[in-house]
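Everything in the sequence shown is counted per numbering that gives the first Met the number 0, starting at 0 for the first residue and increasing by one.
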Amino acid sequence: MSLFTRSRQFSDPTEGGAEPDDDTAAKEPARAQAEAEKPEAEPGTAPEAAPETAQDAGPDTAPGSGSERSPGALKPGWFGWRRRYPRAARGVSVGTTVLAGALVLFALLVPNQVDKIEFASFVRIPAEGVLLAGLLLALPPKARRITAVVMGAFLGLVTILKFVDMGFYQILARPFDLVLDWILIENGTDFLRETFGRSGQVLAVTGVIVLFVAVLVLTTLSVVRLTRLMVRHRPVAARTTLILGTAWITCMTLGLQIGTVPIATKGNAEFLGNRVEQVRAGLKDARVFEKQAAVDAFAKTPPDQLLTGLRGKDVLFTFIESYGRVAIDDPAMARQTDAVLKEGTGRLKAAGFASRSGWLQSPVTGAGSWLAHSTFLSGLWIKNQQRYRNLTTSDRMTLTKYFGKTGAWRTVGIVPGVRRAWPEGKYFGLDHIYDSEHLGYHGPYFSWTPVPDQFSMEAFQRLEHGKKDREPIMAEIILASSHNPWSPIARMIDWDDLGDGSVFHRIKKEGTDPAEVWKDPEKVRTEYRRAIEYSIRSLTEWVERYGDDDTVLVFLGDHQPVPTVTAGDTGKDVPITIVAKDEKVLDRVADWGWTDGLKPAGNAPRWGMDKFRDRFMTAYGPQG
Numbered sequence: 000m001s002l003f004t005r006s007r008q009f010s011d012p013t014e015g016g017a018e019p020d021d022d023t024a025a026k027e028p029a030r031a032q033a034e035a036e037k038p039e040a041e042p043g044t045a046p047e048a049a050p051e052t053a054q055d056a057g058p059d060t061a062p063g064s065g066s067e068r069s070p071g072a073l074k075p076g077w078f079g080w081r082r083r084y085p086r087a088a089r090g091v092s093v094g095t096t097v098l099a100g101a102l103v104l105f106a107l108l109v110p111n112q113v114d115k116i117e118f119a120s121f122v123r124i125p126a127e128g129v130l131l132a133g134l135l136l137a138l139p140p141k142a143r144r145i146t147a148v149v150m151g152a153f154l155g156l157v158t159i160l161k162f163v164d165m166g167f168y169q170i171l172a173r174p175f176d177l178v179l180d181w182i183l184i185e186n187g188t189d190f191l192r193e194t195f196g197r198s199g200q201v202l203a204v205t206g207v208i209v210l211f212v213a214v215l216v217l218t219t220l221s222v223v224r225l226t227r228l229m230v231r232h233r234p235v236a237a238r239t240t241l242i243l244g245t246a247w248i249t250c251m252t253l254g255l256q257i258g259t260v261p262i263a264t265k266g267n268a269e270f271l272g273n274r275v276e277q278v279r280a281g282l283k284d285a286r287v288f289e290k291q292a293a294v295d296a297f298a299k300t301p302p303d304q305l306l307t308g309l310r311g312k313d314v315l316f317t318f319i320e321s322y323g324r325v326a327i328d329d330p331a332m333a334r335q336t337d338a339v340l341k342e343g344t345g346r347l348k349a350a351g352f353a354s355r356s357g358w359l360q361s362p363v364t365g366a367g368s369w370l371a372h373s374t375f376l377s378g379l380w381i382k383n384q385q386r387y388r389n390l391t392t393s394d395r396m397t398l399t400k401y402f403g404k405t406g407a408w409r410t411v412g413i414v415p416g417v418r419r420a421w422p423e424g425k426y427f428g429l430d431h432i433y434d435s436e437h438l439g440y441h442g443p444y445f446s447w448t449p450v451p452d453q454f455s456m457e458a459f460q461r462l463e464h465g466k467k468d469r470e471p472i473m474a475e476i477i478l479a480s481s482h483n484p485w486s487p488i489a490r491m492i493d494w495d496d497l498g499d500g501s502v503f504h505r506i507k508k509e510g511t512d513p514a515e516v517w518k519d520p521e522k523v524r525t526e527y528r529r530a531i532e533y534s535i536r537s538l539t540e541w542v543e544r545y546g547d548d549d550t551v552l553v554f555l556g557d558h559q560p561v562p563t564v565t566a567g568d569t570g571k572d573v574p575i576t577i578v579a580k581d582e583k584v585l586d587r588v589a590d591w592g593w594t595d596g597l598k599p600a601g602n603a604p605r606w607g608m609d610k611f612r613d614r615f616m617t618a619y620g621p622q623g
């Protein structure tokens, strides 16, 4: 069914779905002839009833409207209800028109961020709506119909993009990238399946698809309907458009506002302009990144001159998922997190370890851990998926590759969050990678998290670190228990009771339900804090239990959590800490100005995450 046919179903009950354009008169003789050729009613058959008055017949059949029809020409409607209930049909027609106008106004005025939606947002004058109305009134009939359909569909697409932006702002604190973000949609559906099950994923995806199709169809039909209404009442529509245009210019000139919201807006034009610039920047970014990746201060350094200050040490680079500055600075979490960090600092000190901490700025927030990991290891700012793909198909050296290049370390990866083929893993130059299927875990998933952090660290001890007569190890460890949705979460148990992980079945049953937790932002924040505390304890207790004179631990957050937790804070800072028993290790970074202990001071140095690789290699090189 065409859009024009669909739109007629929503038209006034007596208008016959036709727009009173200039070519209507030419069709009247043919219509009259068709009426004359109709067979006479059979005996005993009552003729069709005509409306008693022009008012009952609806506005389009009123005298002088240019759309007079004989009673027999009235369209019967659904099962003839329009003929039987003309007043109800008129009410439905008016109501449908009002809803169409409200939908178009909503589409024109709705912001692309949830926190910007307020009453004042919908009492503005949109420049795009005024201009579109003027254009439709000026066009000839055929061009007007085509333009109405095209602009209705385009308005629907813009509205859908705004909805997608709302989701991205809620998770990533940024808008959707039309060039680079399509892969994240697949990641999002995977997250839904792992958090709410297959049925939850199917329902959510189906709901989104239905919503988007409905928006596209309804905005198109609404614009078509409003266009016909304007044409039928052209003088009134023209005067209204002129008045609104004058009001827009006046409000824009005087800067009139409702609160902090300008009354005159050209938000859609600015919105689309920003997206065009975003697309252009995305297309150019590949060339910019290629030039940046070609510069490497250590590319020509001989292997025996690399990382000499760490020879013989076991070096562990450990990422704690979503461990952001908010966990330390937010008043609602600071007291509990501070207690855990102080406890960890004290226990490590008692075991002979010292630590120093600072801040790094992640390229992402809310999600996109792999972009942060690759930024940290490559020394390049990996801010989008295009850069990540270009990096992992290049010969750029990473921190892990440089350890391997020396020949002095066995390089391994503990990546419990990986549950499928990970071809990019080869790029990082690790001798062996242990994913979720190779850690010996036989317990349950905790929502997204396949393996609890305490078990991951124990598996590292069993599979690599605890082996006798081994060579030094450089390990990349990615702890996943603090991954969204933070419900249910594991808790610390005696290390000797971990076994094969079956004990976590009981612990999971004791945990919270993510569907219930996410109904309340405060509960989400509480569970996030508890997850971070669990990850920190898993790591520090492992060092206390298994660390020795040759252990060097570097642990950091990969990015801030979602805005639900950060309460709208768009900062991207994450803590980073170096832990070692050998004083010489920390002496080499004494000039960094980092804070003693596991908690960085508020004014501790803050670097871009891409700066760490070269600073670290310089500090632990021959000149460090």
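Virtual Cβ for every residue (Gly too), placed ideally from N, Cα, C.
Here the segment 218–228 lies against the segment 153–161, with 3 or more beta-carbon pairs under 8 Å apart.
Excluding five sequence positions before and after residue 424, the CB atoms of its chain that fall closer than 8 Å to its own CB belong to 412, 414, 417, 432, given in chain order. The three-state reading of DSSP puts residue 597 in coil, since its state is none of H, G, I, E or B.
The Cβ atoms of residue 597 and residue 361 do not sit closer than 7 Å to each other.
When the alpha-carbon of residue 124 is set against those of 533, 106, 141, the nearest one is in 106. At the C-beta level, residue 443 and residue 489 stay beyond 7 Å of one another. If you draw a straight line from the Cα of residue 263 to the Cα of residue 250, it comes to about 6 Å. Its chain contains 103, 147, 150, 151, 154 as the residues whose beta carbon lies nearer than 7 Å to that of residue 222, once the 5 sequence neighbours on both sides are disregarded; these appear in chain order. The beta carbon of residue 542 lies closer than 8 Å to those of 347, 350, 352, 550, 552, 578 in the same chain, with the five residues before and after it left out.
Shown here for residue 614: same chain residues with a beta carbon closer than 8 Å to its own, the five before and five after excluded, namely 591, 606 in chain order.
Counting C-beta atoms within 10 angstroms of its own C-beta, residue 557 has 16 or more neighbours from the protein chains shown and is therefore classed as buried.
Per DSSP, residue 574 is one residue of the beta strand (DSSP E) stretching across 572–579. Straight-line spacing of the CA atoms in residue 269 and residue 276 works out to 11 Å. Proximity of the segment 560–574 to the segment 313–324 meets the contact definition, three or more beta-carbon pairs being nearer than 8 Å. Contact between residue 308 and residue 528 does not hold, since their C-beta atoms are separated by about 36 Å, which reaches or exceeds 8 Å. Each residue's CA atom was taken as its position, placing residue 407 and residue 110 some 56 Å apart. By the Cβ criterion, the segment 447–464 is not in contact with the segment 382–395, since fewer than three pairs of Cβ atoms, one from each stretch, lie closer than 8 Å. Counting along the chain, no beta strand (DSSP E) covers residue 248; the unbroken alpha helix (DSSP H) around it starts and ends at 233–253.
For residue 291, the enclosing alpha helix (DSSP H) begins and ends at 266–292. Per the coordinates, the alpha-carbon of residue 266 lies some 33 Å from the alpha-carbon of residue 371. In the pairwise beta carbon analysis, the segment 509–525 is classified as not touching the segment 276–290: fewer than three pairs are separated by under 8 Å. DSSP places residue 129 within a helical segment (H, G or I) once states are collapsed to three. The alpha-carbon separation between residue 246 and residue 192 amounts to approximately 50 Å.
Residue 477 holds the alpha-carbon nearest to the alpha-carbon of residue 438 among 477, 258, 296. Between residue 366 and residue 555, the CB-CB gap reaches or exceeds 7 Å. Here residue 498 is actually not in contact with residue 114; their C-beta atoms are around 46 Å apart, not less than 8 Å.
The DSSP-derived three-state label of residue 470 is coil. According to the DSSP assignment, residue 373 belongs to the alpha helix (DSSP H) that extends over 368–377. Counted as a single uninterrupted DSSP element, the beta strand (DSSP E) harbouring residue 606 occupies residues 605–607.
With respect to the 7 Å criterion, residue 430 and residue 410 are classified as neighbours on the basis of their beta carbons.
Buried is the label assigned to residue 434, since at least 16 other Cβ atoms lie within 10 Å of its Cβ. By alpha-carbon distance to residue 363, the top candidate from 570, 539, 472 is 570.
A direct Cα-Cα distance of roughly 5 Å separates residue 612 from residue 378.
Looking at the DSSP output, residue 409 bridges to 472. Shown here, residue 355 sits in a strand according to DSSP, grouped into three states. Only buried fits residue 464, as 16 or more other CB atoms lie within 10 angstroms of its CB.
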